[in-house]
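Numbers given in this note's numbering equal positions in the sequence shown, counted from 1, plus 89.
For reference, the structure discussed in these notes is given below.
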Amino acid sequence: SDWEKVESLSKGECYYFNRSKNETVKTMPDELKDKKVKCEFYREQGVKFAERPSQFPTQGLPPIDNVVTNAYFVTGKLLTTPIAHYIVEFDPPVDPENSLLRQQI
Numbered sequence: 090s091d092w093e094k095v096e097s098l099s100k101g102e103c104y105y106f107n108r109s110k111n112e113t114v115k116t117m118p119d120e121l122k123d124k125k126v127k128c129e130f131y132r133e134q135g136v137k138f139a140e141r142p143s144q145f146p147t148q149g150l151p152p153i154d155n156v157v158t159n160a161y162f163v164t165g166k167l168l169t170t171p172i173a174h175y176i177v178e179f180d181p182p183v184d185p186e187n188s189l190l191r192q193q194i
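The structure is reproduced here in structure tokens:
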């Protein structure tokens with residue numbers, strides 16, 4: 090079958106997507122009612138960032154005399170301190186409907 094059941098992490102809902110017809114429906118299609126799941130897999134959520142503009146308009150913009158940033162020089166042990174990075178998984182997994190709670194954990 091060309092249908093995929095997709096779980097939306099942002100909305101906490103499931104929907105069905107047909108790859109050949111490029112069609113999305115919220116209810117299970119009739120042709121899937123008596124079928125078993127063929128395979129199950131997880132993939133990272135795709136992120137698409139806006140492209141950088143090729144030209145920056147500068148005409149008519151006033152010059153900036155003084156630029157203040159939050160950047161500062163760092164010295165001492167801060168540059169050599171190891172930083173631990175953890176990946177947390179829950180068993181059982183957190184329900185996607187509770188996506189806001191998932192962010193607070």
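Even for Gly, the Cβ is constructed at its ideal location relative to N, Cα and C.
On the three-state DSSP scale, how would you describe lysine 127?
The answer is coil: DSSP assigns lysine 127 none of H, G, I, E or B.
Name the one or two DSSP bridge partners that asparagine 107 has.
In the DSSP assignment, asparagine 107 is bridged to Trp92, Glu112.
The region 103-110 touching the region 140-147, judged by at least three CB pairs closer than 8 Å
Taking a contact to require three or more Cβ pairs closer than 8 Å, the region 103-110 and the region 140-147 do not qualify as touching.
Output yes or no for whether 7 Å exceeds the beta carbon distance between lysine 98 and proline 171.
Checking the sequence, you will find leucine at residue 98 rather than lysine. No. Outside cutoff.
Same chain only: Cβ atoms within 6 Å of glutamate 93, ignoring 5 sequence neighbours per side:
Cβ-Cβ distances below 6 Å link glutamate 93 to Phe106 in the same chain, with the five nearest sequence neighbours on each side left out; the list follows chain order.
I think serine 90 touches lysine 124, with their Cβ atoms under 8 Å apart; what is that distance to the nearest whole Å?
Between the beta-carbon of serine 90 and that of lysine 124 there is about 7 Å, and that keeps the pair under the 8 Å contact cut.
May I ask you to report which of helix, strand or coil DSSP gives asparagine 159?
Three-state DSSP puts asparagine 159 in coil, outside helix and strand.
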